[in-house]
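The sequence shown begins at 12 in my numbering and counts up by one.
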Amino acid sequence: MKQQSIAIDMDNVLADVEGHAIAWYKKEYGVSYSKEQLNGQPEGSGFENQEAFWRYVHSPGFFRTVPVMDGALDVLQKLNTIFDIYVVSAAMEFPQSLEEKYEWLDEHCPFITWKQRIFCGDKSVIHTDYMLDDHTKNLDHHQGTSLLFTACHNTLIKHHKRLNNWKEVGVYFNI
Ligand SMILES: [Mg+2]
Numbered sequence: 012m013k014q015q016s017i018a019i020d021m022d023n024v025l026a027d028v029e030g031h032a033i034a035w036y037k038k039e040y041g042v043s044y045s046k047e048q049l050n051g052q053p054e055g056s057g058f059e060n061q062e063a064f065w066r067y068v069h070s071p072g073f074f075r076t077v078p079v080m081d082g083a084l085d086v087l088q089k090l091n092t093i094f095d096i097y098v099v100s101a102a103m104e105f106p107q108s109l110e111e112k113y114e115w116l117d118e119h120c121p122f123i124t125w126k127q128r129i130f131c132g133d134k135s136v137i138h139t140d141y142m143l144d145d146h147t148k149n150l151d152h153h154q155g156t157s158l159l160f161t162a163c164h165n166t167l168i169k170h171h172k173r174l175n176n177w178k179e180v181g182v183y184f185n186i
């Protein structure tokens, strides 16, 4: 029987971009934010200096050094033995990130082969059985089962099945 397929996002799903931006902001401005302080606000807008986030995500080295999301690798590795896994990133929004994201996957997820990596613009071309993502702009157009991975910017969203962390992802897929 054909395995079911899952499209898994990188930023704020496999890679803790919000946590990384908080760390860069603290380094630059000396001001600490908790994720809870950023909850319910569009990306970047929770910081006092709102342009900082967008400057960071366009900075060389930012995506290459993002920490792995807690618990992601163990669950991803197990899912990879049961499902057809595709890591799908709308990386074209940040052209300088393409090589960095590829190297990041080589370092942290070497079991995800190049054939399982999709760097794209619009994710509506992705027709997998499941899509795990932190953005409704991607999930709203997905024809399979949509799964919203909790991020600070999406805490107020109600119209998708929500998984709060990788432990809940593992439970959802019975692994
Ligand atoms: Mg994302």
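Ideal Cβ positions, reconstructed from N, Cα and C, are used throughout, including at glycine.
Any non-hydrogen atom of ligand 1 within 8 Å of residue i CB
i, result
"Met21", "yes"
"Ala162", "yes"
"Asp144", "yes"
"Val180", "no"
"Val98", "no"
"Val28", "yes"
"Val77", "no"
"Val24", "yes"
Residue i and residue j closer than 9 Å at C-beta
i, j, result
"Ser43", "Phe74", "no"
"Leu9", "Lys172", "Here the chain has residues from 12 to 186 only, and residue 9 is not among them."
"Asn23", "His164", "yes"
"Ala102", "Val68", "no"
"Leu174", "Ala18", "no"
"Ser70", "Met21", "no"
"Asn91", "Ile129", "no"
Burial state of residue i, where buried means 16 or more other Cβ atoms lie within 10 Å
i, result
"Gly41", "exposed"
"Val182", "exposed"
"Ile93", "exposed"
"Val136", "exposed"
"Asp133", "exposed"
"Lys112", "buried"
"His146", "buried"
"Gly51", "exposed"
"His153", "buried"
"Thr139", "buried"
Identified DSSP bridge partners for residue i
i, result
"Ser56", "None, per the DSSP bridge assignment."
"Phe184", "According to DSSP, which records beta bridges pairwise, Phe184 is partnered with nothing at all."
"Met142", "Ala18, Ser157"
"Arg173", "Leu159"
"Val68", "According to DSSP, Val68 bridges with nothing at all."
Whole-Å CB distance - residue i paired with residue j, under 8 Å assumed
i, j, result
"Val98", "Leu116", "6 Å"
"Ala34", "Met80", "The pair is not a contact, with the Cβ atoms about 14 Å apart (cut-off 8 Å)."
"Asn176", "Gly82", "6 Å"
"Gly57", "Gln48", "6 Å"
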